[in-house]
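Residue numbers (this note's numbering), protein chains in the order written: chain A, 57 to 399; chain B, 57 to 399. In this text, a Cβ means the ideal position worked out from N, Cα and C, and glycines have one as well. Working notes, beginning with the structure itself.
Here is the structure:
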């Protein structure tokens, strides 16, 4: 079956990336229907050399489709997906349904089997979680991860177009006054995406806070890793925004059930789908977000043992948060559904 | 006694910061003698409204001085300090002697008592270590820290003037080509301070690599915390450079000997010298490097328990790496030596 595919949110940054990836991968489809909010009425999107008019979201916008990929805010997903779930199969990029027991949360290289039992809806995971998960999964399978402490280095595109605009506008304002930056004497109007200036700054706040002082992003890293990999891994995450445009980084320390040497870990990672090893510090080889940007793989390096704990090691990973962390993974789920005739 | 004070490296960024801090704090001194390498011959530095000519480093440059603060590369400290150690008391900002058993490594708020046994040389610690240590010390005293996992967010000024120049030059080149940054397709000549572009990037590499894959910065965070606080704390650090100009951040997870609740931890931190608590996430209050810049204190926040471990909690701290992380702490050591008549 060659499916008819809808992309909701096709005019946004991740939506456009998704169309590019569908092109690049020659995804077999009988129709590509871009769907968006009434704000995008009259717009077109470019796909395989054609300008395709945007369909405004409505129940009939989904008529005849086999598969819909959703890139919308949580509340839009929560409103619309239940209304079409009995008619089309949905792959949802939002966080709305990720932890629902009957919604498989899928990273195809890691838990493709979870897709097989779907009931009309599959979820695409959080981009920071994926950056941690891609190298963690093969190590966990071999040696049993029991405890993970992770800190993130997240780019502003994770906060959408407003985050990117905030960073550039602030940089342009501050670039001419080095002394103000040097003294920390920065007076800027509030941006749209962040509670503090992000240019020349680091903000340990991604998402909303809960009563225990954790952010929603930190909970997602823990909860989604537990759902995909193993509910028994203890995960403590700190989510931090840094002034990069694309590419998330994660610094991780992992304690396993047994000693896992760096050489064995490196061999496991070199054999893992979707993972690229860059691990030769003296030669300047280790993951950076700029290097990961535009690529399909999570890059991992800075592998090193913990001199105080033979069962533990550290690594740093980086991943394109708009591709493997978002659009690419959603397309990979769609490919899996087509390949295994799960539509 | 009102001492005669020399500042070696007075023309560098931290040296100039040191002169500003000596002014701000009305440090009592009978003479201020700026000392620098032959490259700075003929230069003057401004101090208390006077332009003071730089003295070029030589054995006689130290004649008549009581106290010398050194802000030089390790190799200059290693060459020169032993030659004058029997004539003047030295406070060394470099890493050359920090771990020597007969050299006190001092953060005055935390281990002033260590200064009392000095034998002519005291060391000023690493700036990243200080960012971790300031909040860790009061918590450790109360509840016994046993394990620390820390990841840093270090500004380019930690790599000196070349680091700051690299960041600004790269930003100016890249600001006009958003699409190249967006695609990760950045083609820049190598900078002077870093092995990769730092603009719009994150580099998990600070210092040199050892055979076990750790960097010198990561070893310093562990070794210097162990020397100052307690040799029995297991510390695993990841040192990462981010595109900020001033201000280092640290994300830390700490396991204690006993349960330590967030309320108790906050009270301990609020009572600690040199520490400022900013800890109300929903109100946008948490530490950021920009906020710490220009201030004298380490800011701590994002205090939260580990739901998987009652003995553990996490925090984020930020500190001006040129002040408390460097020049201010060295001046505080000098003040301690004068106040306690240790010269």
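In this structure residue 258 of chain A touches residue 298 of chain B by the C-beta definition: roughly 6 Å separates them, less than 8 Å.
The alpha helix (DSSP H) runs lying completely inside the region 307–388 of chain B and spanning 4 residues or more are 318–326 and 345–348, given in chain order. Counting of Cβ neighbours within 10 angstroms places residue 218 of chain A among the exposed residues, the total staying below 16.
With the criterion set as a beta carbon lying under 7 Å from some beta carbon of chain B, the members of the region 238–261 of chain A are 238, 239, 240, 241, 242, 251, 252, 253, 256, 257, 258, 259, 260 and 261, in sequence order. Identification of residues in the region 285–302 of chain A having a C-beta nearer than 7 Å to some C-beta of chain B yields 290, 292, 294, 296, 298, 299, 300, 301 and 302, given in sequence order. Counting the other Cβ atoms within 10 Å of the Cβ of residue 319 of chain A gives fewer than 16, which makes it exposed. Annotated as proximal: residue 162 of chain A and residue 389 of chain A, with beta-carbon spacing under 8 Å. Contacts between residue 205 of chain B and chain A, judged by CB atoms closer than 8 Å, involve 205 and 309 in chain order. Going by C-alpha positions, residue 74 of chain B is about 34 Å away from residue 337 of chain A. Taking all protein chains in view, the Cβ of residue 315 of chain B is surrounded by fewer than 16 other Cβ atoms within 10 Å, so the residue is classified as exposed. The beta carbon of residue 183 of chain B lies closer than 7 Å to those of 214, 304, 377, 381 and 382 in the same chain, with the five residues before and after it left out.
For residue 184 of chain A, the uninterrupted alpha helix (DSSP H) run begins and ends at 183–199, by DSSP. In this structure, residue 358 of chain A sits away from residue 253 of chain B, with a CB-CB distance that is not shorter than 8 Å. The DSSP assignment places 100–103, 106–109 and 123–126 as complete runs of the beta strand (DSSP E) inside the region 91–140 of chain A, in order along the chain (cut-off: 3 residues). Contact residues of the region 362–378 of chain B toward chain A are 362, 363, 364, 365, 368, 370, 372, 374 and 376 (C-beta to C-beta distance below 8 Å). Residues of the same chain with a CB within less than 8 Å of the CB of residue 107 of chain B, apart from the 5 flanking positions on each side, are 100 and 101 in chain order.
Listed by position along chain A, the residues whose Cβ is nearer than 7 Å to that of residue 316 of chain B form an empty set, because the closest Cβ is around 14 Å away.
Burial state of residue 332 of chain B is buried, judged by a 10 Å Cβ sphere holding 16 or more other Cβ atoms. Shown here, residue 173 of chain B sits in a helix according to DSSP, grouped into three states.
Chain-order list of chain B residues neighbouring residue 81 of chain A: empty, with the shortest C-beta distance near 17 Å, by a criterion of under 9 Å. Under DSSP, residue 208 of chain A forms a beta bridge with A/306. Going by DSSP, residue 145 of chain B is part of the beta strand (DSSP E) stretching over 145–148. DSSP, read as helix, strand or coil, puts residue 289 of chain A in coil. Under DSSP, residue 179 of chain A takes part in a beta bridge, and its partners are A/148 and A/161. Take the alpha-carbon of residue 156 of chain B and the one of residue 175 of chain B: they are about 12 Å apart.
DSSP lists B/89 and B/124 as the bridge partner or partners of residue 62 of chain B.
Just measuring C-alpha positions, the residue of B/223, B/278 and B/95 sitting nearest residue 204 of chain B is B/278. Taking C-alpha positions only, residue 322 of chain A is separated from residue 368 of chain A by approximately 14 Å. Around the Cβ of residue 67 of chain B, a 10 Å sphere holds 16 or more other Cβ atoms; the residue is buried. Setting aside the 5 residues that flank it on each side, residue 244 of chain B is surrounded in the same chain by 226, 229 and 253, each with a C-beta closer than 7 Å to its C-beta; the list follows chain order. Scanning chain B for C-beta atoms nearer than 7 Å to the C-beta of residue 344 of chain A yields 252, 257, 258 and 259, reported in chain order. DSSP places residue 254 of chain B in the coil class of the three-state scheme, outside both helix and strand. With respect to the 8 Å criterion, residue 329 of chain A and residue 165 of chain A are classified as neighbours on the basis of their beta carbons.
Rounded to the nearest whole angstrom, the CA to CA distance from residue 291 of chain A to residue 150 of chain A is 22 Å. Around the beta carbon of residue 347 of chain A, 16 or more other beta carbons sit within 10 angstroms, so the residue counts as buried. One Cα belongs to residue 59 of chain A, the other to residue 284 of chain A, and the distance between them is close to 27 Å.
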